Every structure is written in structure tokens, then in C-alpha cells.
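Residue numbers (the numbering used here): 101 to 627. Cβ coordinates follow ideal geometry from the N, Cα and C atoms, glycine included. Please read all numbers here as calculations on a predicted model, not as lab measurements.
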């Protein structure tokens with residue numbers, strides 16, 4: 101840490117010392133003043149530590165003024181800052197001692213008799229403290245500024261903060277919940293909003309953010325010691341804000357070009373394979389292989405905009421969206437390394453490379469489950485995920501994107517969200533979805549299901565019919581799944597046939613299965 105002090109030159113500019121006069125040693129005006137003392141003994145130099153302003157009336161030398169030369173030499177040797185002299189007992193500072201002080205550049209100050217020592221001591225101490233605080237603040241600011249200028253992030257800022265405060269501290273990222281610590285193991289990452297709340301309640305913390313945007317928190321194991329910790333903390337917060345703003349600016353530039361590229365891919369706005377490969381390499385992506393699109397869509401996100409929100413509520417909603425995207429990116433990139441992505445208004449699209457990942461769907465399901473759990477814990481939102489079929493080349497990724505998008509749009513209204521829909525697993529639903537809203541579909545369901553489509557009056561029979569279709573019309577298997585007696589299923593089957601007609605034929609059973617799938621896609625067909 102740099103030396104902190106007031107200089108003799110600065111001391112003489114104080115209004116309280118306006119009547120003081122420099123009588124020798126002008127060349128030493130930049131000597132540092134670190135303390136002030138009153139001289140009682142001629143050999144005081146032996147107890148000096150350097151940087152003292154000595155105050156004297158000359159009483160000790162009233163009988164032998166020539167001894168002032170020895171005093172000047174001793175004070176210079178001890179590193180004193182200056183000698184303040186009152187001519188109460190010696191009317192004039194000895195000429196030889198003055199010449200020696202001039203030669204040694206040892207400042208000698210003539211002080212007014214009416215100026216009490218106590219006032220001088222108070223002034224020097226106050227001003228020294230002020231300068232010490234300012235220069236300490238400057239040294240701390242300089243260290244943090246240098247750190248950020250060199251590209252340092254949260255970990256280095258925390259290390260520097262801990263160096264000055266001498267206490268364990270971490271920075272907790274508000275989005276990811278990650279704790280950046282200087283001391284290994286002092287804090288653990290948090291995995292939910294509840295854990296974050298508990299951590300902040302247990303320890304003293306300081307928020308880092310701009311306006312309503314919160315980037316994170318400095319969290320302390322114990323209360324910082326000393327008087328200057330607030331200065332250090334404020335500079336650390338400023339450094340962290342600069343670091344975040346720098347990273348945000350860089351990410352925004354990259355995000356704009358990345359989003360444009362990915363959106364060009366999924367809208368078939370790239371005509372040449374060479375353009376595809378070269379633009380991909382700019383982001384470090386090898387796009388020469390197969391592709392499979394995955395979309396994470398936030399359930400009911402846009403519904404919030406249908407009602408009036410306060411500024412804080414809108415900010416909280418945006419923070420939740422950004423946290424969800426961050427969690428999706430973190431989990432997806434951990435498993436699918438080369439994973440171009442683009443953020444939309446309420447969804448985020450990933451273009452994965454399944455050829456590089458064996459057993460793609462099982463790994464995707466694991467990722468989706470982790471993301472759903474973390475998103476629910478952090479934000480309370482749920483996600484519906486759609487996965488398109490694999491395409492042999494990125495030039496065809498718009499087809500996989502459309503399949504992933506349609507998987508969500510087709511299945512969520514009828515089957516609910518908060519799950520994963522894989523296009524290839526939807527089977528005939530992908531075909532029926534094209535006609536599920538037509539008048540022909542409504543007429544077909546009314547003819548095939550009859551009164552059974554009104555689930556409120558025949559719910560028990562309707563559930564049994566669905567189970568029978570799912571079990572391949574095996575009554576015993578349906579009874580086991582429904583956990584009822586076989587005879588009960590047989591009775592219900594007979595009642596169903598009374599309402600909709602004979603179901604023993606292959607054609608009739610096929611039509612019934614199609615009608616149930618249409619209802620699954622479009623529940624309004626029951627009306």
C-alpha cells in the first residue's frame with residue numbers, strides 16, 4: 101500500500117496557518133507530515149519515527165542558542181518533516197542554524213505566539229486524517245481500476261476486496277446463484293431462490309446493481325473491521341459494476357450477430373453452404389455435421405403482459421426471463437458443446453449436433469429435467485420443451501426448428517406444459533394436428549364418439565375407453581391399469597358399445613383411436 105501523508109507545502113496552505121512563515125528549508129517543503137509532537141527535551145530526535153512536525157518555543161535552548169544547529173542536524177537525520185518555532189524565549193532563530201536548515205532542506209516554520217499548540221495539533225491531525233482517507237481511497241481505486249482494465253472479473257475483484265478488508269467475502273451472481281470466493285470453500289453456490297434468501301439473511305451483504313437491475317451481492321462471513329472498509333467496499337462495487345457493464349456490452353455485440361445468424365438459419369435465409377460454415381467459425385462453431393433443434397419455451401410468460409404491472413414487477417419479470425435463459429445455456433452447453441443458440445421474446449432456441457453425442461434423446465431428457473427443476477426453484481416458472489427431428493445438414497435446420505415449434509404449439513394446449521415433446525414420438529399426431537381444427541374433424545368426432553365426447557356426463561366411461569385403446573383393447577390389461585375388477589371393465593365396455601356402436605371390428609377400433617387423438621389435440625371438439 102502506498103505511503104499516505106500530508107506535505108509541509110500543503111500544510112502551509114491551510115487557512116488556520118496563514119500567519120505561519122517559512123524561514124528556512126524551502127527545498128524540503130514536500131516532506132511528508134505524518135504526525136505532530138511538542139518538543140520537551142533537546143534530544144527528542146532519538147524517539148522520532150519520521151514525518152513529525154515538531155513544535156518548540158526554544159525554551160530548552162534559551163541559554164545556548166547555538167545548540168539549534170545540533171537539533172536541526174538531528175531532526176534531519178531522524179527524518180522529521182519540519183520544526184515549528186515560536187520566538188517567545190529566543191527572539192530570532194539563530195542564523196547559523198537557519199543556514200544549516202536551508203542547506204539540509206529542513207523546513208523551519210515561524211509560528212505566531214497567539215496560535216495555541218492545541219490548535220496546531222488539532223488542525224494537523226484533522227488534515228492528515230483527511231488526506232490519509234483521500235489518498236487511501238485513491239490507492240484502493242487505483243488497484244481496482246487496474247484490475248478491471250486488465251480484464252479481471254468477479255473472482256479477482258473479490259480477492260482484492262478480501263486483501264484490503266482482511267475478512268472472508270464472496271460475490272453471489274444474482275442470475276446463476278454462483279458464489280465467487282477468494283477463500284476456497286468459504287461459501288457454496290445456491291441452487292434456488294429460497295437458498296439465496298436464506299444466505300442473504302444469514303450474512304451481512306451489499307447489493308450490486310444499477311437502478312432496478314440487480315447483478316449480485318457481496319456477502320461477508322463477519323462484519324468488516326476498521327474505519328475504512330466502507331471506502332474499500334464502494335470502490336469494489338464500482339469495479340464490479342464496470343466489469344459487468346464491460347461484459348454486458350461485449351455480450352450484446354456478440355449476441356446481436358449470433359442471434360442474426362441463428363435466426364437466418366431457422367428462417368432459411370442462408371443460401372450457400374460456404375456462408376454457413378464461415379459464419380459459424382466466427383463463433384467457434386463447426387456446423388459441418390447433422391443438426392437437431394431444441395426449443396425451451398416459458399409457459400404463460402406473455403400472459404403477464406395482459407395485466408398492468410408496476411415498474412418493479414416488470415423488472416422482476418425480466419430478471420426471471422434472463423435467469424431462465426442463463427440456466428438453459430449453462431445446462432445445454434455443458435452437455436452439447438457446439439450449441440448455437442438464439443434468445444426470443446419468451447423462448448430460447450438451441451441447434452444441437454446429435455452426431456457428436458451418443459444416445460441424444462436420453463441425454464436431452466436429463467438436461468431438460470435439470471433445467472426444469474432449477475427454473476422452478478429459482479423463478480416459479482415452468483418450461484415446455486420441443487425437439488425436432490434430426491437433419492443431416494445445418495442447411496436444413498429450419499425444418500427441425502418448425503417441428504420443435506409445432507411440437508409445443510400442438511401439444512401444450514391439450515396435454516399441458518412443463519414437459520418435453522419430441523416430434524418423432526408424436527407419431528400420427530403430427531398428421532392429425534393439421535386437421536384437428538377443421539369442421540370435418542368436429543363432424544368425425546361427433547359421429548364416432550357420440551354422447552361419450554361429453555366427458556362431464558360420461559367421465560367414467562370415457563376414461564375406460566381411453567385406457568382400452570391404450571391397452572390394445574385388452575380388457576384384463578385395462579382392468580389392471582385402472583385397478584378395478586375385470587367384470588367392471590367388461591360391463592363398462594358393453595355400455596360404451598351401447599352408446600357408440602359395435603367396437604369389435606378393426607375399422608371401428610381404428611376410427612375410435614383417431615377420434616381420441618383428435619380430442620387430445622383439440623379439446624374443443626367435445627363441444
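For residue i, the first and last residue of its enclosing beta strand (DSSP E)
i	result
residue 598	It is not in any beta strand (DSSP E) - residue 598 instead sits in the alpha helix (DSSP H) that spans 586-600.
residue 316	313-320
residue 497	No beta strand (DSSP E) contains residue 497, which is instead part of the alpha helix (DSSP H) from 497-515.
residue 260	Note, residue 260: premise wrong, no beta strand (DSSP E); alpha helix (DSSP H) at 254-265.
residue 452	447-452
residue 124	121-124
residue 272	269-273
residue 619	It is not in any beta strand (DSSP E) - residue 619 instead sits in the alpha helix (DSSP H) that spans 606-621.
residue 155	152-156
residue 209	208-210
residue 280	279-281
residue 137	135-138
Residue i: first and last residue of the uninterrupted alpha helix (DSSP H) it sits in
i	result
residue 357	329-366
residue 460	460-479
residue 439	Run containing residue 439: none; DSSP gives neither H nor E here.
residue 380	373-382
residue 424	411-435
residue 559	559-570
residue 182	Here residue 182 belongs to no alpha helix (DSSP H); instead the beta strand (DSSP E) covers 182-185.
residue 108	108-112
residue 531	529-532
residue 575	575-582
Residue i in three-state terms, based on DSSP
i	result
residue 101	Legend: pLDDT at residue 101 = 37, less than 50; position of this residue unreliable, value from coordinates given subsequently. Three-state DSSP puts residue 101 in coil, outside helix and strand.
residue 537	coil
residue 489	coil
residue 171	helix
residue 164	coil
residue 203	helix
residue 219	helix
residue 290	coil
residue 309	strand
residue 369	coil
residue 392	strand
residue 239	helix
residue 484	strand
residue 408	coil
residue 143	coil
residue 247	helix
residue 324	coil
residue 225	helix
residue 132	strand
residue 549	helix
Rounded distance between the beta-carbons of residue j and residue i, thought under 8 Å
i	j	result
residue 106	residue 228	5 Å
residue 488	residue 504	4 Å
residue 301	residue 219	With 8 Å as the limit, residue 301 and residue 219 do not qualify as a contact, their Cβ atoms being about 49 Å apart.
residue 520	residue 474	No, residue 520 and residue 474 are not in contact; Cβ-Cβ is about 15 Å, not under 8 Å.
residue 145	residue 178	4 Å
residue 169	residue 200	5 Å
residue 313	residue 280	Not a contact, Cβ separation roughly 19 Å.
residue 155	residue 217	5 Å
residue 359	residue 443	7 Å
residue 248	residue 272	Not confirmed; about 19 Å, so no contact.
Inter-residue Cα distance where the pair is residue i and residue j
i	j	result
residue 331	residue 437	42 Å
residue 232	residue 471	51 Å
residue 353	residue 346	11 Å
residue 462	residue 522	11 Å
residue 556	residue 549	14 Å
residue 103	residue 351	Only weak support is given to the placement of residue 103: the predicted model assigns it a pLDDT of 44, under 50, and the value that follows is read from those uncertain coordinates. Between residue 103 and residue 351, the C-alpha separation is close to 40 Å.
residue 611	residue 603	10 Å
residue 318	residue 303	10 Å
residue 382	residue 537	44 Å
residue 511	residue 543	22 Å
residue 236	residue 334	13 Å
residue 626	residue 498	34 Å
residue 617	residue 299	49 Å
residue 175	residue 212	22 Å
residue 547	residue 427	48 Å
residue 166	residue 223	31 Å
residue 268	residue 306	14 Å
residue 366	residue 240	50 Å
residue 101	residue 292	A caution first: residue 101 carries a pLDDT of 37, below 50, which makes its placement in the model too unreliable to give a value.
residue 387	residue 534	32 Å
beta-carbon residue i near the ligand GTP non-hydrogen atom, thresh 8 Å
i	result
residue 347	Inclusion of the ligand GTP in the displayed structure is not the case, the ligand content being empty and no account of it being possible.
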